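Only one structure is covered here, and it is reproduced in the block below.
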Amino acid sequence: MVSPESSSMSSDSTLEPITTWHSFAAEKALKVLDTDSETGLTPQQVTQRQEQYGLNELEEGAGRSPLEILWDQFTNIMLVMLIAVAIVSAFIDLRKGAFPKDAVAIFAIVILNGMLGYFQESRAEQALAALKRMSSPKVRVMRDGKLLEVSAKELVPGDIMFLEAGVQIPADGRLIEAQNLQVREAALTGEAEGVIKKPSVELPEDAPLGDRINMVFMGTEVVQGRGEVIVTNTGMTTELGRIAEMIQGVESEPTPLQQRMSQLGNVLVSGSLALVALVVIGGVIRTGSFSSLEDLLEVSLSMAVAVVPEGLPAVVTVTLAIGTQRMVRRHALIRKLPAVETLGSVTTICSDKTGTLTQNKMVVQSVYTLNEVFQVTGEGYAPVGELRLITSDENSTLSPAAEVLQPILTACVLCNDAQLQQDKNQWIILGDPTEGALLSLAGKVGLFRETHNQQNPRIAEIPFSSERKRMSVICQSDDEFSMFTKGSPELILAQCDAVLVGNTTVSLTEVDRQRILDQNNEMAGKGLRVLGFATRSLTTLPEEGTEEAAEQELVWLGLVGMLDAPRPEVREAVKRCREAGIRPVMITGDHQLTAKVIAQDLGIASPDDLSLTGQELQKLSQTELEQEVEQVSVYARVSPEHKLRIVQALQKNGEFVAMTGDGVNDAPALKQADIGIAMGITGTDVSKEASDMILLDDNFATIVAATEEGRVVYSNIRRFVKYILGSNIGEVLVIASSPILGLGGVPLSPLQILWMNLVTDGLPALALAMEPAEPAVMQRPPNDPRESIFARGLGLYMVRIGIIFAILTIVLMVWAYDHTKIAGNPERWKTMVFTTLCLAQMGHAIAVRSDNQLTIQMNPATNPYLWAAVLLTTVLQLLLIYVPPLQSFFGTHPLTFTELLICLGFSALMFIWIEMEKLVQRWFFQRRQTPSL
Numbered sequence: 001m002v003s004p005e006s007s008s009m010s011s012d013s014t015l016e017p018i019t020t021w022h023s024f025a026a027e028k029a030l031k032v033l034d035t036d037s038e039t040g041l042t043p044q045q046v047t048q049r050q051e052q053y054g055l056n057e058l059e060e061g062a063g064r065s066p067l068e069i070l071w072d073q074f075t076n077i078m079l080v081m082l083i084a085v086a087i088v089s090a091f092i093d094l095r096k097g098a099f100p101k102d103a104v105a106i107f108a109i110v111i112l113n114g115m116l117g118y119f120q121e122s123r124a125e126q127a128l129a130a131l132k133r134m135s136s137p138k139v140r141v142m143r144d145g146k147l148l149e150v151s152a153k154e155l156v157p158g159d160i161m162f163l164e165a166g167v168q169i170p171a172d173g174r175l176i177e178a179q180n181l182q183v184r185e186a187a188l189t190g191e192a193e194g195v196i197k198k199p200s201v202e203l204p205e206d207a208p209l210g211d212r213i214n215m216v217f218m219g220t221e222v223v224q225g226r227g228e229v230i231v232t233n234t235g236m237t238t239e240l241g242r243i244a245e246m247i248q249g250v251e252s253e254p255t256p257l258q259q260r261m262s263q264l265g266n267v268l269v270s271g272s273l274a275l276v277a278l279v280v281i282g283g284v285i286r287t288g289s290f291s292s293l294e295d296l297l298e299v300s301l302s303m304a305v306a307v308v309p310e311g312l313p314a315v316v317t318v319t320l321a322i323g324t325q326r327m328v329r330r331h332a333l334i335r336k337l338p339a340v341e342t343l344g345s346v347t348t349i350c351s352d353k354t355g356t357l358t359q360n361k362m363v364v365q366s367v368y369t370l371n372e373v374f375q376v377t378g379e380g381y382a383p384v385g386e387l388r389l390i391t392s393d394e395n396s397t398l399s400p401a402a403e404v405l406q407p408i409l410t411a412c413v414l415c416n417d418a419q420l421q422q423d424k425n426q427w428i429i430l431g432d433p434t435e436g437a438l439l440s441l442a443g444k445v446g447l448f449r450e451t452h453n454q455q456n457p458r459i460a461e462i463p464f465s466s467e468r469k470r471m472s473v474i475c476q477s478d479d480e481f482s483m484f485t486k487g488s489p490e491l492i493l494a495q496c497d498a499v500l501v502g503n504t505t506v507s508l509t510e511v512d513r514q515r516i517l518d519q520n521n522e523m524a525g526k527g528l529r530v531l532g533f534a535t536r537s538l539t540t541l542p543e544e545g546t547e548e549a550a551e552q553e554l555v556w557l558g559l560v561g562m563l564d565a566p567r568p569e570v571r572e573a574v575k576r577c578r579e580a581g582i583r584p585v586m587i588t589g590d591h592q593l594t595a596k597v598i599a600q601d602l603g604i605a606s607p608d609d610l611s612l613t614g615q616e617l618q619k620l621s622q623t624e625l626e627q628e629v630e631q632v633s634v635y636a637r638v639s640p641e642h643k644l645r646i647v648q649a650l651q652k653n654g655e656f657v658a659m660t661g662d663g664v665n666d667a668p669a670l671k672q673a674d675i676g677i678a679m680g681i682t683g684t685d686v687s688k689e690a691s692d693m694i695l696l697d698d699n700f701a702t703i704v705a706a707t708e709e710g711r712v713v714y715s716n717i718r719r720f721v722k723y724i725l726g727s728n729i730g731e732v733l734v735i736a737s738s739p740i741l742g743l744g745g746v747p748l749s750p751l752q753i754l755w756m757n758l759v760t761d762g763l764p765a766l767a768l769a770m771e772p773a774e775p776a777v778m779q780r781p782p783n784d785p786r787e788s789i790f791a792r793g794l795g796l797y798m799v800r801i802g803i804i805f806a807i808l809t810i811v812l813m814v815w816a817y818d819h820t821k822i823a824g825n826p827e828r829w830k831t832m833v834f835t836t837l838c839l840a841q842m843g844h845a846i847a848v849r850s851d852n853q854l855t856i857q858m859n860p861a862t863n864p865y866l867w868a869a870v871l872l873t874t875v876l877q878l879l880l881i882y883v884p885p886l887q888s889f890f891g892t893h894p895l896t897f898t899e900l901l902i903c904l905g906f907s908a909l910m911f912i913w914i915e916m917e918k919l920v921q922r923w924f925f926q927r928r929q930t931p932s933l
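Per UniProt numbering, the very first residue in the sequence shown carries number 1; after that it's consecutive.
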């Protein structure tokens with residue numbers, strides 16, 4: 001960093017980026033940048049600086065190529081094992097002179113799963129592309145004494161740039177001159193209100209971004225006025241560039257689901273290889289030679305195919321897709337499928353204030369006259385509600401407010417440039433939201449601008465300016481003229497010498513002045529934005545150019561306090577958050593006092609909770625911040641790097657963080673968070689591209705609803721994982737037992753196993769994904785993102801059920817082997833084993849819907865998809881047995897009616913066993929709950 005005192009830019013100097021230009025006087029900035037406000041840079045200086053600093057555009061980091069993404073899909077350990085199985089299977093089939101249909105089928109599944117993963121991951125992040133679109137294509141500059149229009153990307157530090165209303169600012173700069181300049185900096189600060197710029201001020205070096213009123217920044221927009229700026233930073237050295245750099249520096253971590261699926265693959269493959277080795281070694285030892293090695297390899301191949309749940313990736317993807325559809329119906333759009341399940345693990349929600357927790361509508365809360373206080377009720381801009389007089393005992397009563405407050409409400413209507421309109425069933429504001437709130441206030445007692453403007457037409461006005469901090473209008477009624485003034489209470493009060501008490505004008509005493517100032521401080525202490533109102537009767541219309549002099553000897557009318565009111569549904573959503581073990585945190589660019597008031601009102605913070613400002617946070621080391629974050633519920637006046645640091649500190653403490661945001665400033669934190677949530681209505685392209693989820697209604701309550709859906713999705717994933725893998729373990733044990741029992745041959749071919757894993761397992765598993773939410777899903781703690789896929793008894797269940805599954809099928813297999821040999825068709829026992837395994841899975845699917853409720857106690861109508869899947873799969877299995885072309889392809893044999901009934905009976909035992917387990921568990925739980933005598 002170059003110090004302000006020593007920095008200068010000459011033709012042969014190199015200047016490191018300075019980030020404290022707001023602490024420089026304009027003259028000093030010109031000197032440091034070696035330029036002139038009248039003539040600008042010379043062509044030689046421009047050329048040299050373009051060579052030195054490059055183009056004024058954001059640089060994109062290199063990401064993974066499509067080929068790399070595709071290759072990564074086939075490095076999945078389960079797919080690698082399937083590829084190896086397919087190669088060995090093809091070799092054995094070709095050696096026998098048979099068509100390798102098993103290998104072809106396995107390769108098809110491998111390619112399908114690989115492409116599925118590729119399409120999920122190939123949506124490259126477009127956050128930087130969105131940032132680049134925020135630059136203005138053309139800009140007016142002074143170069144070599146001439147006013148030119150150049151491409152924004154050609155700007156260099158030291159250029160003199162001219163701004164006017166509607167221009168999108170293409171670089172960071174220090175203001176030299178400004179006339180009524182207002183800039184909307186929502187993209188950087190998150191606050192929609194225009195910032196009034198003042199070139200003459202010098203600020204401390206640690207001034208927050210939102211308070212740098214002598215600077216303008218790339219990506220923001222001029223709302224009104226004009227200005228002259230010296231460009232201080234371009235490209236990646238701008239505030240927007242620093243955000244782009246932070247986005248590039250954030251690495252995406254695997255989601256909990258991805259980590260669990262990876263763990264599952266490792267366990268399955270290692271277990272499969274160990275079992276294959278055991279079978280081969282056991283078979284060789286049993287025979288005493290390698291003569292049966294080929295048969296043992298065929299058994300091993302079948303086991304390897306059986307252990308890999310080929311249909312699981314597709315089922316997981318479809319389940320997540322179903323979850324996204326459910327969330328869309330609840331106004332949450334998921335951009336990345338794994339985020340659906342990840343929501344169920346969220347422990348902390350870091351939410352922006354404006355528009356998410358609040359309505360993004362200024363609503364009047366109270367009106368103070370000298371001796372009276374009125375509380376205002378009603379929501380939004382609708383001119384519906386009441387004004388209640390707050391009496392000395394703090395009770396509120398209805399008051400004839402239209403009469404008592406007639407003067408101040410008239411000033412609210414006439415000293416106003418906004419319009420209040422009804423669009424269908426919704427009231428909207430055209431113009432400044434603050435002025436709109438005043439129109440809504442007056443409308444609550446039947447005073448509307450259209451009527452008053454006709455009765456009291458405006459004939460002159462003194463517009464608001466940053467120096468005056470007030471606005472005045474002069475209206476005519478018959479032959480009389482009246483001035484109405486609104487603005488900063490302190491400044492307007494200084495222009496008053498009288499006060500209206502009831503219908504009487506009396507002199508304004510020092511006691512009255514202090515009382516009004518105390519009222520102003522009281523309202524500000526509640527986080528309200530306060531406006532003062534005054535009036536004056538004029539006998540003649542002031543001459544042109546003397547209107548401002550008429551703003552003297554005013555009569556004080558009162559104070560109006562307004563607030564961006566909280567959304568009414570957010571309080572309940574915050575309550576549900578806390579019941580679900582989720583901690584809400586407010587992170588905003590707004591003032592600390594306002595943020596604390598709203599946070600306490602919503603239940604996000606209590607009066608004893610800590611709050612931090614950006615300046616206070618800047619002084620903390622990351623280690624100190626990590627110690628503080630668990631106690632802080634409100635962060636105010638924060639900058640982009642602060643938001644990123646907060647999320648990182650929470651994650652370091654083991655929190656699973658959801659972060660909301662709408663501006664460019666939020667993008668790095670959105671990308672860093674475990675779940676980045678962008679605003680759909682007010683959000684910038686940058687925030688949306690960096691997010692995992694988009695709120696279509698910008699509502700905090702929608703996050704809570706989406707979190708509930710995330711928990712449901714995770715519960716359903718666990719449900720069908722234990723269904724699929726419990727069945728797979730049973731299949732593996734049945735196949736492994738065949739050579740050990742000396743039955744001769746493999747009971748199931750790889751093709752039949754693929755059928756079971758994809759169809760017999762897949763269709764019911766998809767139906768299980770449609771299970772509705774369990775009772776009290778939001779009254780339990782969040783899912784632990786670090787827990788194993790086998791946690792909470794799931795692993796034990798799969799092993800236990802797999803063993804029972806195998807025992808039942810092995811008993812049938814031994815009987816069927818002897819039975820079919822006697823019947824003269826020694827291969828038919830394999831079809832009986834195949835059929836029993838498939839039908840037993842149907843009973844398993846029906847029983848696994850609930851861990852503790854008996855199937856007979858559950859309403860079958862809550863998941864009709866499951867019953868349809870069971871029926872369809874059963875019919876398909878019968879077709880494989882009795883349709884000749886399918887018999888030939890899958891290697892099955894037709895069963896007699898008696899044999900089919902026996903298969904069905906053994907299959908039903910699986911369902912009965914699981915239901916009996918539920919009864920035993922229920923009895924055991926009730927016994928533990930019953931106190932001993």
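Yeah, the Cβ is synthetic: ideal placement off N, Cα and C, and Gly gets one too.
Keep in mind that this is a model prediction, so the values were computed, not measured.
### Task
Give the DSSP bridge partners of Met693, in chain order.
By one-based count along the sequence shown, residue 693 stands at place 693. For Met693, the beta-bridge partners assigned by DSSP are Ile334 and Ile677.
### Task
Find the nearest neighbour of His642 within the set Leu188, Ala171, Asp159 and Leu55, judged by alpha-carbon distance.
Within the sequence shown, the letter at position 642 stands for residue 642. Minimum Cα distance to His642 is reached at Leu188.
### Beta-carbon spacing of Leu337, Pro383 below 8 Å
The count along the sequence shown starts at 1 and reaches residue 337 at position 337. The count along the sequence shown starts at 1 and reaches residue 383 at position 383. No, the pair does not count as a contact, with Cβ atoms beyond the cut-off.
### Query
Just the Cα atoms here: how many angstroms apart are Glu915 and Ser738?
As a first step, residue 915 must be located in the sequence shown, where it is residue number 915. As a first step, residue 738 must be located in the sequence shown, where it is residue number 738. So the alpha carbons of these two residues sit roughly 29 Å apart.
### Distance, Val195 Cα to Val530 Cα
The residue you call residue 530 lines up with position 530 of the sequence shown. The residue you call residue 195 lines up with position 195 of the sequence shown. Val530 and Val195: Cα-Cα distance of roughly 17 Å.
### Query
What is the C-beta distance between Ile230 and Gly158, in whole angstroms, given that I count them as a contact (C-beta under 8 Å)?
Taking the first residue of the sequence shown as 1, we reach residue 230 at position 230. Taking the first residue of the sequence shown as 1, we reach residue 158 at position 158. Right, the Cβ-Cβ distance comes to about 7 Å (below 8 Å), so this counts as a contact.
### Message
Suppose the cutoff is 6 Å on Cβ atoms and the five residues either side in sequence are ignored; what does the same chain contact list for Ala580 look like?
### Response
Residue mapping note: residue 580 aligns to position 580 of the sequence shown, counting from 1. Here the set comprises Met778.
### Query
Are at least three pairs of beta-carbons, each pair with one atom in the segment 694-710 and one in the segment 340-347, less than 8 Å apart?
yes
### Message
Assess contact between the segment 754-770 and the segment 693-702, defined as three or more Cβ pairs (one per stretch) separated by less than 8 Å. Is contact present?
### Response
no
### Paired residues, beta bridge with Ala460 - DSSP
Numbered from its first residue, the sequence shown carries residue 460 at position 460. DSSP, once it has assigned bridges, lists Ile474 as partnering Ala460.
### Query
Name the DSSP beta bridge partners of Glu233, please?
Locating residue 233 in the sequence shown gives position 233, where the first residue counts as 1. Looking at the sequence provided, one finds Asn at residue 233 rather than Glu. Paired residue(s): Asp172.
### Message
Leu447 and Val413 - do their beta-carbons sit closer together than 8 Å?
### Response
Position 413 of the sequence shown, counted from the start, is the residue given in the question as residue 413. Position 447 of the sequence shown, counted from the start, is the residue given in the question as residue 447. For Val413 and Leu447, yes; Cβs fall inside 8 Å.
### Task
Starting from Tyr882, trace the alpha helix (DSSP H) both ways and give me its first and last residue.
As a position in the sequence shown, residue 882 is number 882, starting the count at 1. Segment Pro864 to Tyr882, the alpha helix (DSSP H) holding Tyr882.
### Distance between Gly431 and Glu490 (C-alpha atoms, nearest Å)
Numbered from 1 along the sequence shown, position 490 holds the residue referred to as residue 490. Numbered from 1 along the sequence shown, position 431 holds the residue referred to as residue 431. Roughly 25 Å between the two C-alpha positions.
### Query
Thinking C-alpha only, which one of Gly589, Glu551, Gly145 and Leu508 is nearest Asp662?
Along the sequence shown, read from residue 1 onward, the residue named residue 662 stands at position 662. Comparing Cα positions, the closest option is Gly589.
### Query
If you follow the beta strand (DSSP E) that Asn360 is part of, which residue opens it and which one closes it?
As a working note, residue 360 is residue 360 in the sequence shown. That run of the beta strand (DSSP E) goes Thr358 to Tyr368.
### Message
Here's the rule I'm using: 16 or more other beta-carbon atoms within 10 Å means buried, otherwise exposed. How should Phe217 be labelled?
### Response
As a working mapping, residue 217 is identified with position 217 in the sequence shown. It is buried - the Cβ of Phe217 has at least 16 other Cβ atoms within 10 Å.
### Message
For a test of the three-state rule: what should DSSP assign to residue 951, helix, strand or coil?
### Response
This structure cannot settle anything about residue 951, because the visible part of the chain is limited to 1 through 933.
#### Entry: Burial state of Gly311, where buried means 16 or more other Cβ atoms lie within 10 Å
Against the sequence shown, residue 311 aligns to sequence position 311. With 16 or more Cβ atoms within 10 Å of its Cβ, Gly311 is classed as buried.
### Query
Using the rule of at least 16 other Cβ atoms within 10 Å of the residue's Cβ for burial, across every protein chain shown, is Ala550 buried or exposed?
The residue you call residue 550 lines up with position 550 of the sequence shown. By the neighbour-count rule (16 or more Cβ atoms within 10 Å), Ala550 is buried.
### Task
Assess, as a yes-or-no matter, whether the segment 834-844 is touched by the segment 744-760 under the definition of 3 or more beta carbon pairs within less than 8 Å.
yes
### Query
Quick one: what does DSSP say Leu131 is sitting in, helix, strand or coil?
For the purposes of this step, residue 131 is taken as the residue at position 131 of the sequence shown. Legend: pLDDT at Leu131 = 46, less than 50; position of this residue unreliable, value from coordinates given subsequently. Three-state result, Leu131: helix.
### Ser488 versus Tyr714 - alpha carbon distance
On the sequence shown, residue 488 is found 488 positions in, with the first residue counted as 1. On the sequence shown, residue 714 is found 714 positions in, with the first residue counted as 1. Those two C-alpha atoms are separated by around 54 Å.
### Message
I'd like to know if Glu185 contacts chain D, where contact means its C-beta is closer than 8 Å to some C-beta of that chain.
### Response
Chain labels in this structure do not include chain D; a single protein chain is all it has.
### Query
Ile703 and Ile677: beta carbons closer than 8 Å?
What you label residue 703 is simply residue 703 of the sequence shown in a count that begins at 1. What you label residue 677 is simply residue 677 of the sequence shown in a count that begins at 1. At a Cβ-Cβ threshold of 8 Å, Ile703 and Ile677 count as neighbours.
### Task
With DSSP as the reference, label Glu125 as helix, strand or coil.
Residue mapping note: residue 125 aligns to position 125 of the sequence shown, counting from 1. Low local confidence applies: a pLDDT of 41 at Glu125 is under 50, so the model's placement there is unreliable, with the coordinate-based value given in what follows. Coil, per DSSP.
### Query
Do you know offhand how far Leu128's Cα is from Gly683's?
For the purposes of this step, residue 128 is taken as residue 128 along the sequence shown, with counting starting at 1. For the purposes of this step, residue 683 is taken as residue 683 along the sequence shown, with counting starting at 1. Residue placement at Leu128 is poorly supported in this model, since its pLDDT is 42, which falls under 50; the coordinates still yield a value, given next. Going by the C-alpha atoms only, they are around 15 Å apart.
### Task
Taking Ile428 as the reference, give the member of Leu517, Asn360 and Ser477 with the closest Cα.
Numbered from its first residue, the sequence shown carries residue 428 at position 428. Here the closest residue by C-alpha is Asn360.
### Message
Considering just the uninterrupted stretch of the alpha helix (DSSP H) at Met523, what are its terminal residues?
### Response
Position 523 of the sequence shown holds residue 523. That run of the alpha helix (DSSP H) goes Glu510 to Gly525.
### Query
Would the segment 45-61 and the segment 72-81 be scored as touching if the rule is three or more Cβ pairs under 8 Å?
no
#### Entry: Own chain, CB closer than 6 Å to Glu185, minus 5 neighbours either side, in chain order
The residue you call residue 185 lines up with position 185 of the sequence shown. Cβ neighbours of Glu185 beyond the five flanking positions: Val195 and Thr220.
### Task
Please find out if some non-hydrogen atom of the ligand NAP comes closer than 7 Å to the beta-carbon of Leu531.
Among the components of this structure there are no ligands whatsoever, and the ligand NAP is therefore not found.
### Task
Just mark Trp923 as buried or exposed, buried being the case when its beta carbon has 16 or more other beta carbons within 10 Å.
In the sequence shown, the residue the question calls residue 923 occupies position 923. So Trp923 ends up on the exposed side.
#### Entry: At least three beta-carbon pairs within less than 8 Å, the segment 255-272 to the segment 783-797
yes
#### Entry: Nearest to Asp497 (by Cα), restricted to the options Leu554, His844 and Pro894
In the sequence shown, the residue the question calls residue 497 occupies position 497. It is Leu554 whose Cα lies nearest to the Cα of Asp497.
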